[in-house]
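The block underneath contains the structure these notes are about, expressed in structure tokens.
Protein chains: 2
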Amino acid sequence: MSETARTADKPPRKPPGLRERMRATVRAEVVEVAHRLFTEQGFDRTTVDQIAAEVGLSRASLFRYFGTKEDIVLGRLEESGRQIAEALAARPDDEQPWEALRRAFDVLTRMNEAAPEQALRYLRMLQETPSLRARHYEKQLSWQELLVPEVARRLGISPDRPEDTRPSALAAAALACLDVAATGWVACEGTVPLAVLLDRAMSALRE
Amino acid sequence: MSETARTADKPPRKPPGLRERMRATVRAEVVEVAHRLFTEQGFDRTTVDQIAAEVGLSRASLFRYFGTKEDIVLGRLEESGRQIAEALAARPDDEQPWEALRRAFDVLTRMNEAAPEQALRYLRMLQETPSLRARHYEKQLSWQELLVPEVARRLGISPDRPEDTRPSALAAAALACLDVAATGWVACEGTVPLAVLLDRAMSALRE
DNA sequence: ACTCAATTTGATACCGAGTATCAGACTGTA
DNA sequence: TACAGTCTGATACTCGGTATCAAATTGAGT
Numbered sequence: 001m002s003e004t005a006r007t008a009d010k011p012p013r014k015p016p017g018l019r020e021r022m023r024a025t026v027r028a029e030v031v032e033v034a035h036r037l038f039t040e041q042g043f044d045r046t047t048v049d050q051i052a053a054e055v056g057l058s059r060a061s062l063f064r065y066f067g068t069k070e071d072i073v074l075g076r077l078e079e080s081g082r083q084i085a086e087a088l089a090a091r092p093d094d095e096q097p098w099e100a101l102r103r104a105f106d107v108l109t110r111m112n113e114a115a116p117e118q119a120l121r122y123l124r125m126l127q128e129t130p131s132l133r134a135r136h137y138e139k140q141l142s143w144q145e146l147l148v149p150e151v152a153r154r155l156g157i158s159p160d161r162p163e164d165t166r167p168s169a170l171a172a173a174a175l176a177c178l179d180v181a182a183t184g185w186v187a188c189e190g191t192v193p194l195a196v197l198l199d200r201a202m203s204a205l206r207e
Numbered sequence: 001m002s003e004t005a006r007t008a009d010k011p012p013r014k015p016p017g018l019r020e021r022m023r024a025t026v027r028a029e030v031v032e033v034a035h036r037l038f039t040e041q042g043f044d045r046t047t048v049d050q051i052a053a054e055v056g057l058s059r060a061s062l063f064r065y066f067g068t069k070e071d072i073v074l075g076r077l078e079e080s081g082r083q084i085a086e087a088l089a090a091r092p093d094d095e096q097p098w099e100a101l102r103r104a105f106d107v108l109t110r111m112n113e114a115a116p117e118q119a120l121r122y123l124r125m126l127q128e129t130p131s132l133r134a135r136h137y138e139k140q141l142s143w144q145e146l147l148v149p150e151v152a153r154r155l156g157i158s159p160d161r162p163e164d165t166r167p168s169a170l171a172a173a174a175l176a177c178l179d180v181a182a183t184g185w186v187a188c189e190g191t192v193p194l195a196v197l198l199d200r201a202m203s204a205l206r207e
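If you're matching them up, the sequences are chains A and B in order. Per the working numbering, the first sequence runs over residues 1 to 207. Per the working numbering, the second sequence runs over residues 1 to 207.
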């Protein structure tokens, strides 16, 4: 009620959703508050009620924004997956699938180089918290599904042939390398660049 | 003094534990009952109270045998991991790591060939139940840790050099292929042998 | 500006997994 | 037989997640 706003200080115009925008900003604030609490006291020692209270939301409503507690942390991975898939599709057609996958992952290595200590904290929490690690693998699987069609195209394989495991194998193995690299990156406190670790990991498979 | 052995109706032979054996048999019965209930009504629709009641155990005691509900299903994977690691160590030294890994996995392909429909049911449940799938990845990670030292040895890399991601990459990628193969095997209802799918997947990475 | 229907919200109650505690029963051993 | 260590079941609790429902808010049409 505070903003009756007949003077245009808050233009409530936009067919594509005023409500949607509110929802987005609330989501963003939840993520921000939750992330702060998580880094302060750890993921497990932070309850959903605490987050809801801090944001000024009821517990029930919070669960309408995020289906699970883990989703508050892993929501961003959804978007990353799309970006990687896009980057892969944008690679030149004559590039080998494995090399194209490696290059597509630069979307992530660049993100981490842009804000290393933040990325380090984030990955550390991901790897140290069992429930988060578990959900993280689920997201990884959804990434795999996003990448497979493009890998199949590059291999000249007709889409949707589940008995040909090659595209899935390439995508899954590449993601496995990404995981190994990320783990190593956290283990060495980021001293060795993620891109280097990823290069080593992925080149190890081509001998 | 375990040799009391009055009348041999219940031979209490073995210093290494009569108690241990009881524990083992109880565990086995829990697994059996739970597995039956799970396949009958699904994993999520079966409560631990139900399992406990059926076995004739208190809820609290059940959790002393299995830390989590998922462990009742995934307990056997612990053992499988060890077997794979053993098989890998038993491969000839001059074999390439990737090939050795492939052969080590035959421990599993043979198990599945021995009891296909049972394996199929088991894997289907694993893949259809989100919480099980998540925990399954955790076990996969523990497999990886079991395999890495042997892979490192075959690569001539001094053990415990976390900055060299190659052994982990090979192990993780191989396990990723195994997962892809298992998924495909379930998808085609076991019509194509797991070993074949695994061959295709793993050979795709060496071009 | 007013009304109406759809959506959102909070409160409440509920379920199931997992943990902690504690007194009593059991088991192996001296 | 007696003692000590362990296992058990009962109880109560925490926390994540779901279902329900009435009240509040909102968007849109008139």
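We treat Cβ as the ideally placed atom computed from N, Cα and C, and that holds for glycine. Small disclaimer: the values here were computed from a predicted structure and weren't measured.
For residue 202 (chain B) versus residue 101 (chain B), is the C-beta distance shorter than 9 Å?
What you label residue 202 (chain B) is simply residue 202 of the second sequence in a count that begins at 1. What you label residue 101 (chain B) is simply residue 101 of the second sequence in a count that begins at 1. Closer than 9 Å, so yes.
Label residue 93 (chain A) either buried or exposed according to how many other C-beta atoms from any shown protein chain fall within 10 Å of its C-beta, with 16 as the threshold for buried.
Here residue 93 (chain A) is taken as the residue at index 93 of the first sequence, counted from 1. Its Cβ having fewer than 16 others within 10 Å, residue 93 (chain A) is exposed.
For residue 27 (chain A), which residues from the same chain have a beta carbon less than 6 Å from its beta carbon, with the 5 sequence-adjacent residues on both sides left out?
For this step, residue 27 (chain A) is matched to residue 27 along the first sequence. 65, listed in sequence order.
Going by beta-carbon coordinates alone, are residue 186 (chain B) and residue 127 (chain B) separated by less than 9 Å?
By one-based count along the second sequence, residue 186 (chain B) stands at place 186. By one-based count along the second sequence, residue 127 (chain B) stands at place 127. In contact: residue 186 (chain B) and residue 127 (chain B) (Cβ atoms closer than 9 Å).
Flag residue 202 (chain B) as yes if its beta-carbon sits less than 9 Å from any beta-carbon of chain A, otherwise no.
For the purposes of this step, residue 202 (chain B) is identified with residue 202 of the second sequence, where counting begins at 1. By this cut-off, residue 202 (chain B) is an interface position.
List, in chain order, every chain A residue whose beta-carbon is nearer than 9 Å to that of residue 138 (chain B).
Residue 138 (chain B) sits at position 138 when you count from the first residue of the second sequence. Ordered by position in chain A, the residues that pass the 9 Å Cβ test against residue 138 (chain B) are 130, 133, 134 and 137.
Mind checking if residue 175 (chain B) is an interface residue toward chain A, Cβ cutoff 9 Å exclusive?
One-based indexing of the second sequence puts residue 175 (chain B) at position 175. Residue 175 (chain B) counts as touching chain A.
With contact counted as at least three CB pairs below 8 Å, one residue from each stretch, are the segment 70-89 of chain B and the segment 133-151 of chain B in contact?
yes
Figure out for me which residue from B:71, B:24, B:35 and B:88 has the closest Cα to the Cα of residue 174 (chain B).
Here the question's residue 174 (chain B) lines up with position 174 in the second sequence. Nearest option by C-alpha distance: B:88.
Quick one, which of A:108, A:189 and A:147 has its alpha-carbon nearest residue 195 (chain A)'s?
Counted from its first residue, the first sequence places residue 195 (chain A) at position 195. It is A:108 whose Cα lies nearest to the Cα of residue 195 (chain A).
Within a Cβ cutoff of 7 Å, which residues of the same chain sit near residue 33 (chain B), ignoring the five residues on either side of it in sequence?
In the second sequence, counting from the first residue as 1, residue 33 (chain B) sits at position 33. Hits under 7 Å: 51, 54 and 55.
Give me the Cα-Cα distance between residue 200 (chain A) and residue 137 (chain A), rounded to the nearest whole angstrom.
The residue given as residue 200 (chain A) occupies position 200 in the first sequence. The residue given as residue 137 (chain A) occupies position 137 in the first sequence. If I take the Cα positions, the gap works out to 22 Å.
For residue 183 (chain B), decide whether its Cβ has a neighbour in chain A, counting only Cβ atoms nearer than 9 Å.
Working through the second sequence from its first residue, we reach residue 183 (chain B) at position 183. With 9 Å as the cut-off, residue 183 (chain B) counts as an interface residue toward chain A.
Cutting at 8 Å between CB atoms, please list the residues of its own chain near residue 198 (chain B), excluding the five before and the five after it.
The residue labelled residue 198 (chain B) in the question sits at position 198 within the second sequence. Here the set comprises 102, 105, 109, 177, 178 and 181.
Given that residue 166 (chain A) touches chain B, what residues does it touch there, using C-beta distances under 8 Å?
Reading the first sequence from its first residue, position 166 is the one you call residue 166 (chain A). Those are 200, 201 and 204, listed as they occur along chain B.
List the residues of chain A whose Cβ lies closer than 7 Å to the Cβ of residue 189 (chain B), in chain order.
In the second sequence, counting from the first residue as 1, residue 189 (chain B) sits at position 189. Within chain A, no residue comes near residue 189 (chain B); the closest Cβ sits about 11 Å away, beyond 7 Å.
Run down chain B in chain order and give the residues with a C-beta less than 8 Å from the C-beta of residue 49 (chain A).
Taking the first residue of the first sequence as 1, we reach residue 49 (chain A) at position 49. What residue 49 (chain A) touches in chain B: nothing, since even the nearest Cβ is about 23 Å away.
Taking 9 Å as the CB-CB cut-off, is residue 163 (chain B) touching chain A?
Your numbering for residue 163 (chain B) matches position 163 in the second sequence. Chain A, which has a Cβ nearer than 9 Å to the Cβ of residue 163 (chain B), makes this yes.
Of the residues B:161, B:49 and B:153, which one's Cα is nearest the Cα of residue 69 (chain B)?
As a first step, residue 69 (chain B) is located in the second sequence; it is residue number 69 there, counting from the start. Looking only at B:161, B:49 and B:153, the smallest Cα-Cα distance to residue 69 (chain B) is reached by B:49.
What residue range is occupied by the uninterrupted alpha helix (DSSP H) comprising residue 177 (chain A)?
Within the first sequence, residue 177 (chain A) is the residue found at index 177, counting from 1. Element bounds for residue 177 (chain A): 166-187.
Does any residue of chain B have a CB that is nearer than 9 Å to the CB of residue 73 (chain A)?
Counted from its first residue, the first sequence places residue 73 (chain A) at position 73. For residue 73 (chain A), the closest Cβ of chain B is not nearer than 9 Å.
Using a Cβ-Cβ distance cut-off of 9 Å, determine whether residue 95 (chain B) contacts chain A.
Position 95 of the second sequence, counted from the start, is the residue given in the question as residue 95 (chain B). Cβ-Cβ to chain A under 9 Å: no for residue 95 (chain B).
Could you check the C-alpha separation between residue 46 (chain B) and residue 162 (chain B) for me, to the nearest Å?
As a working mapping, residue 46 (chain B) is identified with position 46 in the second sequence. As a working mapping, residue 162 (chain B) is identified with position 162 in the second sequence. Taking the straight line from one Cα to the other gives about 42 Å.
For residue 146 (chain B), return the contacting residues in chain A, with the cut-off set at a CB-CB distance below 7 Å.
For the purposes of this step, residue 146 (chain B) is taken as the residue at position 146 of the second sequence. In chain order: nothing, as chain A lies at least about 15 Å away.
Assuming residue 75 (chain A) is part of the alpha helix (DSSP H), what are its boundary residues?
Taking the first sequence and counting its residues from 1, the one referred to as residue 75 (chain A) is at position 75. Looking at the DSSP string, the run of the alpha helix (DSSP H) that includes residue 75 (chain A) is 69-90.
Less than 9 Å between the C-beta atoms of residue 111 (chain A) and residue 39 (chain A), yes or no?
Here residue 111 (chain A) is taken as the residue at index 111 of the first sequence, counted from 1. Here residue 39 (chain A) is taken as the residue at index 39 of the first sequence, counted from 1. No. Outside cutoff.
Residue 24 (chain A) to residue 71 (chain A), Cα distance in whole Å?
The residue you call residue 24 (chain A) lines up with position 24 of the first sequence. The residue you call residue 71 (chain A) lines up with position 71 of the first sequence. In this structure, the alpha-carbon of residue 24 (chain A) lies about 15 Å from that of residue 71 (chain A).
Using a C-beta to C-beta distance shorter than 7 Å, which residues of chain B count as neighbours of residue 85 (chain A)?
Position 85 of the first sequence, counting from 1, holds the residue named residue 85 (chain A). What residue 85 (chain A) touches in chain B: nothing, since even the nearest Cβ is about 18 Å away.
Determine whether the beta carbon atoms of residue 208 (chain A) and residue 207 (chain A) lie at a separation below 9 Å.
Shown here, chain A extends from 1 to 207; a query on residue 208 (chain A) therefore has no answer.
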